[in-house]
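Trainee:
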Amino acid sequence: MYKFEEVKAHCDIPCAIYDPSQAQYSALSVIRFLDLINDIKDDLGNSENMAKFVRLVAEKESHAVITKNEITTIWGDYFKEPQFSAYPEIHELTHSIMMNASKCKQSLDKENGASLLAGVNRFAEIFWATKDTKTESKISPYLPNLEIICPVLKDNN
Amino acid sequence: MEPNYCSNDHVFCIKTKKIKVNDVVVLNHKIHGKIIKRVQSINENGLFVSGDNKTYDSSITNECQPIQSIIGRVFYKV
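For the protein sequence lines, the chains are A and B, in the order given.
Going by the numbering used here, the letters in the first sequence line up with residues 144 to 300, in that order.
Going by the numbering used here, the letters in the second sequence line up with residues 80 to 157, in that order.
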């Protein structure tokens with residue numbers, strides 16, 4: 144029996160813009176929220192701090208979900224067979240990011256945040272490599288001042 | 080590639096690099112894998128392709144496809 148190979152008539156709906164930076168910023172936010180929560184968690188005796196605590200926890204939850212959504216969208220929509228073949232680790236890496244984001248939702252351990260960011264940075268490194276775009280390691284110019292992997296952008300000339 | 084080529088159509092393709100404008104080709108794209116497109120223009124560096132369905136854009140239509148990426152020319156559709 145002859146086997147037909149599948150081909151696609153590629154189209155972009157609607158813009159084909161993918162960028163892991165939102166996931167990176169969200170992971171950094173999660174770490175920042177972990178720091179802020181840990182700063183006040185032992186001083187919840189007044190309504191001011193209690194309100195702040197609740198808000199920080201809610202935002203930590205929200206940004207962990209944003210991280211998950213951004214990564215799964217790129218993994219599910221952008222990555223295809225050529226990228227999977229070049230970077231077979233992407234499946235396990237994506238799953239580990241999901242697990243670490245969940246851990247950040249479940250606990251106040253900053254190590255979980257560090258693991259989340261490390262995974263997201265590696266994801267970004269692979270993503271840009273599939274686009275033949277060089278990357279560089281930079282320190283975020285805002286707290287928590289941690290490493291992010293950034294694309295080396297072309298000059299506007 | 081609608082209305083000329085639709086999902087689940089079967090096409091037969093002859094392996095060749097001899098391509099001319101308006102041919103429908105199967106090529107191996109560096110990011111998207113095997114795709115089917117129509118040849119828009121050819122130059123010394125490669126060729127540009129486009130889709131028959133003008134409702135949707137495709138980023139690859141802005142790229143010059145190397146001739147090495149061409150798998151072959153579609154000659155029959157079932």
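In this text, a Cβ means the ideal position worked out from N, Cα and C, and glycines have one as well.
Source: prediction; values computed, not measured.
1) Residue 273 of chain A to residue 266 of chain A, Cα distance in whole Å?
2) At what residues does the beta strand (DSSP E) containing residue 122 of chain B begin and finish?
3) Buried or exposed: where does residue 95 of chain B fall if 16 or more other Cβ atoms within 10 Å of its Cβ makes it buried?
4) Could you tell me whether the Cβ atoms of residue 100 of chain B and residue 120 of chain B are closer together than 9 Å?
5) Starting from the Cα of residue 168 of chain A, find the closest Cα among A/261, A/277 and A/295 and give me that residue.
6) Closest Cβ-Cβ distance between residue 167 of chain A and chain B: below 9 Å?
7) Measure from the alpha carbon of residue 117 of chain B to the alpha carbon of each residue in A/183, A/194 and A/153, then state which is nearest.
8) Compile a chain-ordered list of the residues in the stretch 108-123 of chain B whose CB is closer than 9 Å to at least one CB of chain A.
9) Does residue 224 of chain A have its Cβ less than 9 Å from a Cβ in chain B?
10) Out of A/277, A/162, A/176 and A/275, which one is the CA nearest neighbour of residue 201 of chain A?
11) So, at 8 Å on beta carbons, what are the nonlocal neighbours of residue 237 of chain A in its own chain, with the 5 sequence-adjacent residues on each side left out?
12) Start and end of the beta strand (DSSP E) containing residue 160 of chain A?
13) Whose C-alpha, out of B/132, B/93 and B/92, is nearest the C-alpha of residue 80 of chain B?
14) From the DSSP output, read off the bridge partner residues of residue 290 of chain A.
Mentor: Reading off the structure:
1) Spanning the alpha carbons of residue 273 of chain A and residue 266 of chain A requires a straight line of approximately 11 Å.
2) Where residue 122 of chain B is concerned, the enclosing beta strand (DSSP E) stretches over 112-122.
3) Here residue 95 of chain B is exposed: its Cβ has fewer than 16 other Cβ atoms, across all protein chains shown, within 10 Å.
4) Their beta carbons are under 9 Å apart, which means residue 100 of chain B touches residue 120 of chain B by this criterion.
5) Nearest of A/261, A/277 and A/295 to residue 168 of chain A, Cα basis: A/261.
6) Not an interface residue.
7) Considering only alpha carbons, the answer is A/153.
8) Those residues of the stretch 108-123 of chain B that come within reach of chain A (Cβ to Cβ, closer than 9 Å) are 108, 109, 110, 111, 112, 113, 114, 115 and 116.
9) Judged by the 9 Å Cβ criterion, residue 224 of chain A is in contact with chain B.
10) Measuring from the Cα of residue 201 of chain A, the nearest candidate turns out to be A/176.
11) Within the same chain, residue 237 of chain A has close Cβ partners 214, 215, 218 and 266.
12) First-last for residue 160 of chain A: undefined, no H or E at that position.
13) Looking only at B/132, B/93 and B/92, the smallest Cα-Cα distance to residue 80 of chain B is reached by B/132.
14) Residue 290 of chain A is bridged by DSSP to A/282.
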